[in-house]
Each structure stands twice: as structure tokens, then as C-alpha cells.
Amino acid sequence: MSKYILYTGLLAIVAYLVACTPAKKVEEVPTLKDAYAGKFYIGAALDSVQIKGKDTAAMRVVKEQFNAIVPENCMKSENIQPQKGVFDFMLPDKFVEFGEQNGMFVTGHTLIWHSQTPPWLFVDSLGNDISREEMIARMKTHIQTVVGRYKGRIKGWDVVNEAILDDGSYRQSKFYQIVGEDFIRLAFEFAHEADPDAELYYNDYSMANPEKRDGVVAMVKKLQQEGVRIDGIGMQAHIGLTQPDINEFEKSIEAFSALGVKVMITELDLTLLPFPDQNVGAEVSASFDYQQKMDPYTDGLPDSVNVQFEQRYLDFFKLFLKHQDVISRVTQWGVNDTQSWRNYWPIEGRTDYPLLFDRDNNPKPVVAKIIELTRSPL
């Protein structure tokens, strides 16, 4: 037998063995949205650059990792109706279209909020406060124009945002001063009339505070007794390494779900920077002067701080999984660390690391650990 024939035969045998050997299955790395499918939606807030499609790297992350979106700013009243009767739907339209094209649960944020309102909203042509009747009419026009435009497309709305103070009392906003506490009921009724099938939510920060918890529970019970449709309560989770107390946070999940409504974890981020005043919660009007000592991680995080960061996120996701029967959505406030408002609030120009994706849009190591939680008994 010639060497050529022998060599050819050996090649044929090797080829046969390779063909008959089952190929090793390459295990795909699961995404956040896949890992938590059937438990709750995993969402992210989008800023204007992302909605316009300019931040392509961030939008790739959104498509891969998230199945729910909320707009960070473009639907707030100062942006969507900057002048009376003049609506700007350019960015909101793009936002909703992106969600639809990618099969996402789309939430609108926010219809009634005391902050980021246009100058004209509360005053007449002379700069005086408008009447109660006029305020109600303006609320109705704004809510029904915005909700009506996206009827059947936006699945849930943050109808009223941050109407209760940390002590459980009503915030003395211009809405409250002009209309009274009825402005909350009216806002929900106007939204329901505009889209009877949309879910309607109340959203607020510092929701682990016992006094605030009691105030929100009392408010929602009153709305329910009045026959108002309210489907969920959003717990803004602007957390730190030590605040809020996670046990109090859990008590609020339980108290809100006992009202028969869904609970959503909204605006989730974890600041690692020192906080100048623990009493301001997430009050956007708070502002403090820059000091170098309040910005300690400009060159990156020490390993010891990163360990705390990971453990804190894991503790909260364990809690969310424990209550997955009542939690419908967990949404981080932003996509990556560069975008986060934590870099400029309550002190402008700091470097924070609050989200699950870094400044290069890469998942932080904790993401894999958060995914792993879904595979392990709690």
C-alpha cells in the first residue's frame, strides 16, 4: 500500500470521527432581561442623546439587556409643552417608536410633577396665580393631549410624581396650593379617560421612610375609596451604601402591595459618593458647592468600595426576587455611569459609579452575579 493511500485513508477516518462527535454546545451568556423573564421587567431610563440614536453603544446595551424603557426627561412638562398649547412630540415619538420596534414595555414619565414645569403653567398673562378652575383645565388639556397621543402604545404612566413629603404630609406644590389635594385624584381620572387600558402609577422617592410610607398608603387608600383607578406604586430606589435601611424598604414593598396594586422599583441607582445632607432624599432642588473631599473617586474605585457596591446591589436584587410576585418592574435610572444624574446632583461635576454598566457600556462584574441569583435558591 502506498503512503499516499494510507495517508488518504487516515484523513478519511479522522474526518468521519470528527463528523460523528457531537459538537460542544457553546453556552450563551444570559442577559438581564432573559434571566429575569417571568419574574419582572428589567428597565432603563433613556436620555435625549440615546433617544435620538446618537449614542449607539448605549442603545446596543438597551436592546440586549433590557425589556422596558422610560424617558428620563423628554416627557416632563417643561419639555413636552414648553409654551401653552404648543406641544413638542419629536423626542417622545422617537422614544415610543424605539420601544415598539424592540418589543419593550414602555412607561411614560411624568404627567404631573412640581418640578421641571414650564414658566407659564401656573400663572396668567400678568404673572398672577391662575384660578382653581383654570389650573384644572390646564391639567386636563396637558394630560389628555399627551396620554391620548400614545393611547394603546404607552402601557403605563407615572401620573403623579413626588406629591408626598418625607413626613407623610402633602407637598405644598403649586398644584396643591391652587387646586388642593384633589389635584391627584383629578390627574388620575383625566389619564384614565384618555386611555382606559393604560396602567396608572404614583411614583415617589424616600419610600422606605416609615412616615412617608404611611402618607402614601393613606393617600392611595383615599383614592381607592373614591373609586379612582390606580394600578401601581413606583418606589424610586436612589440608594446609597448605607441608606435606606433595606428592612424598611421591604416593609414598604409589603405595605404598598397590601393595597392591591403593583409595586415597581423605579429610578434605581447606587451612589458611592459622600452625601452632603441625608435629609434631602432625592429632592432635585437641593444643590451644594463642589469640594474635592466630596469627590474621592475621580481615578476609579478602590477594591474595598467595589466589594461594598456589589454586595449592596446583590442584597437589593435578592429582595426583589423574594417579592417577585408583587414587583412588576425594576428600572435603573440611566444606561451607563456617564449618563447618570448622580454625577451632577446634588453636587455638580463629580464622578460617580451608580449603574450596572460602566462608562464604556460594559457590564460590571456584578451583572453576572445578579443574573446568577436567578439560578440559585434564595
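Quick note: the sequence shown uses UniProt numbering, first residue 1, plus one each step.
From the three backbone atoms N, C-alpha and C, an ideal C-beta is built for every residue, glycine too.
Proximity below 8 Å, CB of residue i to CB of residue j
| i | j | result |
| --- | --- | --- |
| residue 236 | residue 207 | yes |
| residue 109 | residue 71 | yes |
| residue 233 | residue 201 | yes |
| residue 352 | residue 273 | yes |
| residue 111 | residue 61 | no |
| residue 221 | residue 259 | yes |
| residue 195 | residue 152 | yes |
| residue 238 | residue 193 | no |
Residue i in three-state terms, based on DSSP
| i | result |
| --- | --- |
| residue 93 | helix |
| residue 235 | strand |
| residue 77 | helix |
| residue 199 | strand |
| residue 71 | strand |
| residue 343 | helix |
| residue 142 | helix |
| residue 380 | For the chain, the structure presents residues 1 to 378; residue 380 sits outside this window and is missing. |
| residue 172 | coil |
| residue 261 | coil |
| residue 101 | helix |
| residue 46 | strand |
| residue 323 | coil |
| residue 371 | helix |
| residue 36 | coil |
| residue 112 | strand |
| residue 302 | coil |
| residue 246 | helix |
| residue 211 | helix |
| residue 357 | strand |
| residue 148 | helix |
| residue 61 | helix |
| residue 160 | strand |
| residue 167 | coil |
| residue 181 | coil |
| residue 190 | helix |
Neighbourhood of residue i by C-beta distance below 6 Å, restricted to the same chain and skipping five residues each side
| i | result |
| --- | --- |
| residue 228 | 185, 188 |
| residue 362 | none |
| residue 115 | 284 |
| residue 113 | 161 |
| residue 99 | 69, 106 |
Cβ neighbours of residue i in the same chain (closer than 8 Å, five flanking residues each side left out)
| i | result |
| --- | --- |
| residue 74 | 48, 51, 80, 91, 92, 95 |
| residue 164 | 170, 171, 204, 212, 215, 216, 219 |
| residue 323 | 250, 253, 254, 257, 263 |
| residue 68 | 41, 42, 43, 44, 104, 105, 106, 107, 329, 331 |
Other residues of its chain near residue i: CB distance less than 7 Å, five sequence neighbours each side excluded
| i | result |
| --- | --- |
| residue 349 | 290 |
| residue 121 | 77, 138 |
| residue 380 | Since the first residue of the chain shown is 1 and the last is 378, residue 380 is not available in this structure. |
| residue 166 | 206, 209, 211, 212, 281 |
Alpha-carbon to alpha-carbon, residue j and residue i
| i | j | result |
| --- | --- | --- |
| residue 284 | residue 180 | 23 Å |
| residue 132 | residue 78 | 21 Å |
| residue 148 | residue 142 | 10 Å |
| residue 355 | residue 124 | 42 Å |
| residue 288 | residue 128 | 31 Å |
| residue 368 | residue 246 | 22 Å |
| residue 321 | residue 85 | 44 Å |
| residue 26 | residue 39 | Confidence in residue 26 is poor, its pLDDT being 42 and thus under 50, which makes the residue's placement unreliable; the coordinate value appears in the next sentence. Approximately 26 Å between the Cα atoms of the pair. |
| residue 277 | residue 209 | 16 Å |
| residue 304 | residue 294 | 18 Å |
| residue 360 | residue 248 | 34 Å |
| residue 87 | residue 146 | 9 Å |
| residue 314 | residue 365 | 12 Å |
| residue 37 | residue 311 | 23 Å |
Cβ distance (whole Å) where residue i is taken to contact residue j below 8 Å
| i | j | result |
| --- | --- | --- |
| residue 371 | residue 35 | 4 Å |
| residue 334 | residue 269 | 7 Å |
| residue 190 | residue 183 | Not quite, the Cβ-Cβ distance comes to about 10 Å (not below 8 Å), so this is no contact. |
| residue 329 | residue 271 | Not really, about 21 Å apart at Cβ, beyond 8 Å. |
| residue 373 | residue 316 | Their Cβ separation, rounded to whole angstroms, is 11 Å, which puts residue 373 and residue 316 out of contact at 8 Å. |
| residue 65 | residue 31 | 5 Å |
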